[in-house]
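Comments concern the structure below.
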Amino acid sequence: MKVRVFTAIIIILVGGLVLTITSGAGWYREESTVAFAAGNLVRLHVIAHSNQETDQRVKLRVRDRILKETEKLLVVEDREKALAVLAAHREDLARAAEEELRKAGLNYNAGVELGEFEFPERAYEFGVLPAGKYQAIRVVLGAGGGENWWCVLFPPVCHLSLAEKTADDTLSPEQIKLRWKAWEELKAEYGEDLKQALVKWLSLFQLATVVR
């Protein structure tokens, strides 16, 4: 599933880049821009019990489990539907988080909240999300006194990040070769225009100001 999500998004990205290069920025649909605007996101926030190594390690295990569960749930087109699905499955997600805690031999609990929360500015490879209030699902482990982890749950930036880490391990050598061959051909054909189009296109289609 992760590879399919990753492949689909790459196809969309490449298609958008080519259109941007060849026909300018006027091609994109307004609703696509709205879907990726900062006010139309759902974020995931996982807070560790403490900064001890064991607690930080299990935080990442809980993160991976939550992403695995939500990947199956968030097959939706807009934020309101995503929030409704998360609300309906909030207790299931809490149980999933606690399962990971028990597997790690830890006896504290996990709390899952859904609402509007304050976030600091956050830089990603594709852009910057400004500080402010965002709709989010917050997973608090134990006392919630440790360092935290967050990303964008909807649209599925979190899932794309995990897909990127695992795609090369799950694709065949032929698939990897074809994927990178297509990218190299694009770079060879468009050169610097491709980089400029990427910056322009992500600023329109992604979350906020693009980092150059």
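Take numbering that gives the first Met the number 0: the final residue in the sequence shown is number 211, and no numbers are missing along the way.
Glycine is no exception: its CB is placed at the ideal position from the N, C-alpha and C atoms.
The structure presented is a predicted model; accordingly, all values stated were derived computationally and were not measured.
Quick check: the Cα distance between residue i and residue j, rounded to an integer number of angstroms?
i: A47; j: F153; result: 22 Å
i: Y107; j: L73; result: 28 Å
i: A95; j: I65; result: 7 Å
i: E76; j: A103; result: 35 Å
i: Y27; j: G131; result: Residue confidence for Y27 is low, a pLDDT of 39 falling below 50, so the modelled location carries little weight and cannot support an answer.
i: R42; j: E90; result: 18 Å
i: P129; j: E97; result: 31 Å
i: R62; j: E120; result: 20 Å
i: R78; j: Q55; result: 29 Å
i: T53; j: G38; result: 35 Å
Anyone know if the C-beta pair for residue i and residue j falls short of 8 Å?
i: L40; j: V151; result: yes
i: N50; j: G145; result: yes
i: W148; j: V45; result: yes
i: E112; j: L92; result: no
Here's a check: name, in chain order, each residue in its chain whose Cβ is nearer than 7 Å to the Cβ of residue i, leaving out the five neighbours to either side.
i: L105; result: V57
i: H88; result: L72
i: A81; result: V41, L73, V75, F153
Skipping 5 residues on each side, what residues in its chain have a beta carbon closer than 6 Å to that of residue i?
i: R60; result: E99
i: G110; result: V139
Does residue i pass the burial test, meaning 16 or more other C-beta atoms within 10 Å, or should it be called exposed?
i: G141; result: buried
i: R101; result: exposed
Beta-carbon within less than 8 Å of residue i's beta-carbon, same chain only, minus the 5 sequence neighbours each way: which residues are those?
i: A86; result: L113
Next item on the list: Evaluate contact between the region 101-121 and the region 130-141, counting only Cβ atoms and requiring at least three cross-stretch pairs below 8 Å.
Entry: yes
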